[in-house]
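This report refers to the structure that appears directly beneath it.
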Amino acid sequence: MKKYYTHNGTEQQGPFDIEILKEKRINKDTPIWCEGLSDWTTAEKIDELKELFKITTPPPFNKEQTPPPINKQTKQTETKNIVAPTIKKKSNVGKIIVVVVIILIVIICGRIIFDDMNRGSGYETAGDESTYQEKVMTVEEIERSQPTNFLAADGKYEENFWGNKINVHGIIKNTATVATYKDAVVRVTYYSKTRTELGSADYTIYEIFPPHSTTSFELKIDNYKNVNTIGWEVIQAIAD
9 MKKYYTHNGT EQQGPFDIEI LKEKRINKDT PIWCEGLSDW TTAEKIDELK ELFKITTPPP
69 FNKEQTPPPI NKQTKQTETK NIVAPTIKKK SNVGKIIVVV VIILIVIICG RIIFDDMNRG
129 SGYETAGDES TYQEKVMTVE EIERSQPTNF LAADGKYEEN FWGNKINVHG IIKNTATVAT
189 YKDAVVRVTY YSKTRTELGS ADYTIYEIFP PHSTTSFELK IDNYKNVNTI GWEVIQAIAD
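FYI, our numbering numbers position 146 of the sequence shown as 154, with every residue one higher than the one before it.
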């Protein structure tokens, strides 16, 4: 039985037979090599692998079946037999009682709200400083526990003369208000011209990232075959 090898853009995997390739759910653009090929190709170009990508369609819908006819006579007879119920008139005494109860509820609720506002106003005046400190601490705790929500990576890159290396000129922007981070981990992802993810690699940037700051970094990384573009993002950092 013929054996096949796959490639994820970073490393070679295999050998596999057709059954294992089916379990791995490869797609048409997966790089494949097997005995008899002079170079790597995609799975859709190998005849014996085309069966893996055939799409089955459901049988045609049978429109000939129709629902049974509606018996109009029975429906009309049932309609004629329906008699509307009589409406009983409410007495004026009940309406007056309901209005009085509603007025009492409004007065009581208004009094409770007024008393609470007076008590709350006095508490905030006495404890403005402690309340402000609690709010600042809460913001810092949130920022320290979620560094990836406040660290954004951007920049540009270019290949070297031989095309086997990529020079990344990146920046990391910290949008936090009070939290400082360090040792940010940047994940670089490789994409094909069809935007298929070919692989990724992680790099640690050993820098301090103060709040409201932008920090530059440089990376020289390997380039691979079939890579058309790359992207990067911060996936982890330490709160300083």
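Think of the CB as a built atom: it goes at the ideal place given N, C-alpha and C, for glycine as much as any other residue.
Computed from a predicted model, the values in this text were never measured in an experiment.
- Under the criterion of beta carbons closer than 8 Å, residue 157 and residue 231 do not qualify as touching, at roughly 31 Å.
- Taken through DSSP and simplified to helix, strand or coil, residue 230 comes out as strand.
- Collapsing the DSSP output to three states places residue 209 in a strand.
- Across the set 16, 57 and 227, the C-alpha of 57 shows the shortest separation from the C-alpha of residue 28.
- The Cβ neighbour count for residue 179, taken over all protein chains shown within 10 Å, is under 16; the residue is labelled exposed.
- Per DSSP, reduced to three states, the secondary structure at residue 122 is helical.
- In this structure, residue 177 sits near residue 226, with a CB-CB distance shorter than 8 Å.
- The Cβ atoms of residue 234 and residue 206 sit closer than 8 Å to each other.
- DSSP links residue 187 through a beta bridge to no other residue.
- When the alpha-carbon of residue 192 is set against those of 103, 240, 17 and 121, the nearest one is in 240.
- Judged by DSSP secondary structure, residue 159 falls within the beta strand (DSSP E) whose first and last residues are 159–167.
- For residue 26, the enclosing alpha helix (DSSP H) covers residues 26–32.
- For residue 180, DSSP records a beta bridge to 161 and 223.
- Judged by beta-carbon spacing, residue 219 lies within the 8 Å limit of residue 187, meaning their Cβ atoms are closer than that value.
- Judged by DSSP in its simplified three-state form, residue 149 adopts helix.
- Looking at the DSSP output, residue 195 sits in a beta bridge with 210 and 241.
- For residue 41, the enclosing beta strand (DSSP E) starts and ends at 39–42.
- Relative to residue 61, the option among 43, 30 and 49 whose CA is nearest is 30.
- Under DSSP, residue 175 shares a beta bridge with 166 and 228.
- Nearest C-alpha to residue 237 among 155, 201, 33 and 41: 201.
- Beta-bridge partners of residue 217 (DSSP): 189.
- Straight across, the Cα-Cα distance linking residue 126 with residue 119 is about 11 Å.
- Exclusion of the five residues before and after residue 155 leaves 189, 245 and 247 as the residues of its chain whose Cβ lies within less than 7 Å of its Cβ.
- When the beta-carbon positions are compared, residue 222 and residue 164 stay at least 8 Å from each other.
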